[in-house]
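Chains as they are written, first to last, in my numbering: chain D, 65 to 432; chain F, 65 to 432; chain C, 65 to 432; chain Y, 65 to 432.
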């Protein structure tokens, strides 16, 4: 169990020059529990100072932190990261699979934003405001490897658009019992596509009604996250509380950061709660990361807006440093039971903040 | 019944200086059946040449047509329009109510884009690719007035976002029987808000999850349009074929023209048709305006795109001069039966083109 | 002379519900020298709590500060502000003229962002990184009024686009002597137009090559700001060091915040300095607000970027909380001597920050 | 000399799948003088039907023309194009150099939009509204090759941003004698960067004050275009009428199509003409392409707008199908003599339209 007097845990970042990696660096360069000591990137960057490796590619509104500028970038190989108590992975899905596996096999703890191990039956898929109890599969994950290991593991966080919705769904299920239908339409920001990512010719004065693979992620990840661990802590029950159908329409819109979603849901138990009851329940929702006093946890897991035209990406995405979810327009749905709007900061809670917060919880719970 | 040798019908435009009025003028300035002879606007514009009345407010990519520049704008009073066989109304909802009623009382035929009489039990609400048979309530409308009239009437067209969806719903019901659930999320263009309309501060790098009153319009207009006339042609049956629940989420996005919608539907009869059957049915759909050979009717009422990322507002809104509906991504929905994307050009078929096409059908059917 | 132990100066904000007023409130709600005690707005808002007065109009990414939410808005009349050691004015130019004059006549100190008194021969026009020495006309301003006053005055700050350029020009003149020609093209953000301000229909997928009155402001304000006070401190010399011709082209671009300018200059003395000498001079430039240790002064008055594609509005406008000027691409100009790009945060240094920083300097120099 | 009864000239397009190539295809698929028979692209596309080769890459608002869909794409090698009287090149600068040279060596006529041969002392650099007389260097170009050829040649058109400015400069010089200074700031559309080109992350809510290499092109191409041929028609005089200094600042803005430029100029001869004289001269300007009645020539080479806020890219770029130049805000410049705003459609007159129109003039003048 950590305390404020504990020495900081040394951490590394894989994929450090990419979009997600840059966000990891901003969050970790002055973190109370973690000390950033190792940066990994492709062989093209290895051997360069970080400031040189990201020349022309650093696209953040904050400059490269002073204490990171001169760190020398390494290749994404185990040796350079053996000193790290945590390795954060912002790798693309191409390299993420073998690299993360190799790091785990070397007994390292990997907190990954990549999609590769999200649906793996041994790897927790954790949205830190929802299901940090899934960390408890870690002993089984370690034991199941061949050969077994005693310290390493892989923990993943969810797709950015899943994250923004599932926090609200969890709060609803906690208060009113299982949902049976969820229909989501997303309006997703361009930063979700990385850099250079979405061509300006595709998105200025336009929206694109397709984000390849995204709908499937929402439809499958949601069940794993909302579900529990089996009682032996060796498997995920994938929402055994009842069948839950999830349908997603995903769209790209010309917004820099912030994924908005319109959501309609129905509850297994009728009569469904009223909009007023839901507002109350969402405002009351708290999660383990908050109870444990984690550094990156938001004060409010869910902020419910009263104004009828909120949340909006530009105005609300940076509230609480993007660590919570914003909800508005809670009202009855003529087709399902209830409809509402949710917003998540896709580059914060939807990506790096989730990984960091998952690691903070792991630290508090003795998994580091 | 008109023929190509018939003299043109003289027509006027109310609200001629506004956004919708400007579109009417572009469509009517060189129309084979109509001759634009009278322009009405507020008292501030009355007495001015049109070119002067719209100075600083003409926001079209085409210049003011040569034969309209020097027309003198009138107040929106009956006397200046008595010569008109058709009066198109692009008035705002404020003045539209009393002005359109006065014009009808004076035995004039009004084709209105305003919302005021859309849900009136005597006034047809017509999407020209869907329910032009509703024109047949006109005799009853005339007879029901006090005193009755023998030539005038009010015909309305639908809200722009309703229009883009209901054409597809009609084609589905024609082929596969009644729908019972429709869940729509719109991504609507800024031109739908008129000029100056949406503040740039609200929409650059942003989306707004509220368009006041819009969701209710979609939820109610759809039933009237998809329904039929009673057999005595004195009332609308509002989708008597079965209960139909419609739910809409409406959003404003930074797109100039073109309302995109993601739509999930379920059919009353199971098993529901397959995506392939639906593609075929939508491509086969034809409407009365096409059969009658109306000038503004599109060749294809519905264009189904094969590319997985279409339709897109910027690329597809001007196809067929914006007179048809674009559909794509037809696939199974895990919550309802089928989901897809539709796109309508809100300033063309979603507004002026509908009114003009309704009048063309009325002409062909002897109602002018 | 203030010290960190001095009690805070009570301050008020006129035009508190508007765009500039909202920025004043964010800066003053937790200021080490100033305590925000009075808010003034139009009679429509007077008597309401601030949070209610700005309902639907608060367009900041930060919520209304807790300690301001419940302040009751007053009419812009003297009595409610008599307790204020400084009154900041974010009024529109319509009411600004008579209101600011009345406040000064009542012996109040007005720091105004409005244009009305900028070119007044008694009122300083101060860009806080340039010409805070112009405060020394205050005694003469007080004495020239009829009747004379002993405490009040009006101090103005410059137009937002002027501000971004004139800081650089001042640094150039300090290092290399008088300029004789300056040719500026601005690419100005939409927030400069206030709210609702620029219509989205005018600026999505577009630029507008006119900002009414803006070019004249740059062309005239620059001379007053770059010039000195006469030796008797009773007049401005308007760049008596030599004739200086300034020409501006002003454009509105679809950017939320941050005015970019491309600038070509020529020096009276030849040969002109090299780009390298200019980089060095700009980086070395310091101003009185920095020397006095003012709270809102940036660490770097001018940040010179080495990257060839910087500064950029989105990436650089919030550097140093928008209190400095960003410069890049310093190179030889084939027509004049030197050309470069500058960027100012128009809502920060270009507006509220200038007024606040001017007041901080006034405090340090004994004018409060 | 062609007549309307002449058989069409068979033409081909190199780089047919790219952004410029797509524009060539739209212009040539139904051209009165040219018949599109051959398409060339990279080896990855060679052998495919055009519709397949551009799948996912056709980004035009018009569908692929029916008569082009099934053309089989060839490699960019001479044999497949021997039947062509003209070969239009939309190649990137990488392949353009050797390919265009090989085609010319094979006695083919190449009209190229690439930059490679623009400044070649034997190749005309022609803006079709300006200097079509430069075609007369063709005999010398042919004779200078080794071995000499008797039919082939390379004719280039200018950089898109140069084009929009130089038409106006030419009209000014025709009317008022040589210019000696031109200072230009461009606000250039994203389509100028091709596809995928500019990342949306770089341009949403942003402008970028650098377009690599662009400023130099404007500064050098302008002299060649405004200059004449020497009397022996064997060289370009590069504005021998007097020294002309050109300075450019180039910026990328979030606009789909249409390059705006703010321009200040001074005339060699004083006093300079008044704004009124300039308006008159620009409106009177006519060029050879118009006199010859070329199909793609605009009715007005220069359209001068009276409205004070025009031209604007979105509203004016498609006027005359983008074949002319738009000018507005002609007024005195405090630093040089006169300043104004110009707009060119960069994908039309700024690219494909120039090449096509150059070929139309060549046809009329007997060079085909």
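Ideal Cβ placement from N, Cα and C applies to all residues, glycine included.
At a Cβ threshold of 8 Å, is residue i touching chain Y?
{"i": "residue 283 of chain C", "result": "yes"}
{"i": "residue 260 of chain D", "result": "yes"}
{"i": "residue 254 of chain D", "result": "yes"}
{"i": "residue 444 of chain D", "result": "The structure shown does not extend to residue 444 of chain D, since chain D is modelled only from 65 to 432, so the question has no answer here."}
{"i": "residue 215 of chain C", "result": "no"}
{"i": "residue 370 of chain C", "result": "no"}
Which of helix, strand or coil does DSSP assign to residue i?
{"i": "residue 167 of chain F", "result": "helix"}
{"i": "residue 435 of chain D", "result": "Limits of chain D in this structure are 65 at one end and 432 at the other, which puts residue 435 of chain D out of reach."}
{"i": "residue 94 of chain C", "result": "coil"}
{"i": "residue 263 of chain C", "result": "strand"}
{"i": "residue 196 of chain Y", "result": "helix"}
{"i": "residue 181 of chain Y", "result": "coil"}
{"i": "residue 88 of chain F", "result": "helix"}
{"i": "residue 176 of chain D", "result": "strand"}
Tell me where the alpha helix (DSSP H) around residue i begins and ends.
{"i": "residue 228 of chain D", "result": "224 to 240"}
{"i": "residue 421 of chain Y", "result": "417 to 428"}
{"i": "residue 202 of chain D", "result": "202 to 208"}
{"i": "residue 354 of chain Y", "result": "352 to 355"}
Compare the C-beta of residue i against all C-beta atoms of chain D and say whether one is closer than 8 Å.
{"i": "residue 101 of chain Y", "result": "no"}
{"i": "residue 125 of chain C", "result": "yes"}
{"i": "residue 264 of chain Y", "result": "yes"}
Looking at chain C, is there any beta carbon in it that lies within less than 8 Å of the beta carbon of residue i?
{"i": "residue 414 of chain F", "result": "no"}
{"i": "residue 315 of chain Y", "result": "yes"}
{"i": "residue 379 of chain D", "result": "yes"}
{"i": "residue 243 of chain Y", "result": "no"}
{"i": "residue 337 of chain Y", "result": "no"}
{"i": "residue 326 of chain Y", "result": "yes"}
{"i": "residue 157 of chain F", "result": "no"}
Go to residue i, then tell me how far its beta strand (DSSP E) extends in each direction, as first and last residue.
{"i": "residue 155 of chain D", "result": "Unbroken run through residue 155 of chain D: none, as it is neither H nor E."}
{"i": "residue 330 of chain F", "result": "323 to 331"}
{"i": "residue 380 of chain D", "result": "Careful: residue 380 of chain D lies outside any beta strand (DSSP E), inside the alpha helix (DSSP H) at 377 to 380."}
{"i": "residue 77 of chain D", "result": "73 to 78"}
{"i": "residue 346 of chain F", "result": "Where residue 346 of chain F is concerned, there is no enclosing beta strand (DSSP E), although the alpha helix (DSSP H) it sits in stretches over 339 to 348."}
{"i": "residue 252 of chain F", "result": "243 to 252"}
{"i": "residue 191 of chain C", "result": "Segment: none, residue 191 of chain C is in no beta strand (DSSP E) and carries neither H nor E."}
{"i": "residue 404 of chain F", "result": "402 to 408"}
{"i": "residue 320 of chain D", "result": "Premise fails: residue 320 of chain D is in no beta strand (DSSP E) and is neither H nor E."}
At the 8 Å Cβ level, is residue i part of the contact set with chain F, yes or no?
{"i": "residue 320 of chain D", "result": "yes"}
{"i": "residue 249 of chain D", "result": "yes"}
* For the region 269 to 282 of chain Y, enumerate the residues whose C-beta is nearer than 7 Å to any C-beta of chain C, in chain order. => Per Cβ criterion, the list reads 269, 270, 271, 272, 273 and 274.
* Below 9 Å between beta carbons is the criterion; list the residues of the region 288 to 311 of chain Y that meet it against any residue of chain C, in chain order. => Identification of residues in the region 288 to 311 of chain Y having a C-beta nearer than 9 Å to some C-beta of chain C yields 309, 310 and 311, given in sequence order.
* To do: Identify each residue in the region 381 to 402 of chain D for which the Cβ-Cβ distance to at least one residue of chain C is less than 7 Å, and report them in chain order.
  => Those residues of the region 381 to 402 of chain D placed with their C-beta closer than 7 Å to a C-beta in chain C are 382, ordered along the chain.
* Residue ranges of each alpha helix (DSSP H) within the region 112 to 142 of chain C, 4 or longer -> Entirely contained in the region 112 to 142 of chain C, the alpha helix (DSSP H) runs reaching 4 residues are, in chain order, 114 to 117 and 130 to 133.
* Where in the region 266 to 315 of chain Y do unbroken runs of the alpha helix (DSSP H), each at least 4 residues long, occur, reported from the N-terminal end onward? -> Runs found: 278 to 290.
* Taking a cut of 9 Å between CB atoms, which residues from the region 218 to 232 of chain D lie near chain F? -> Hits within the stretch: zero.
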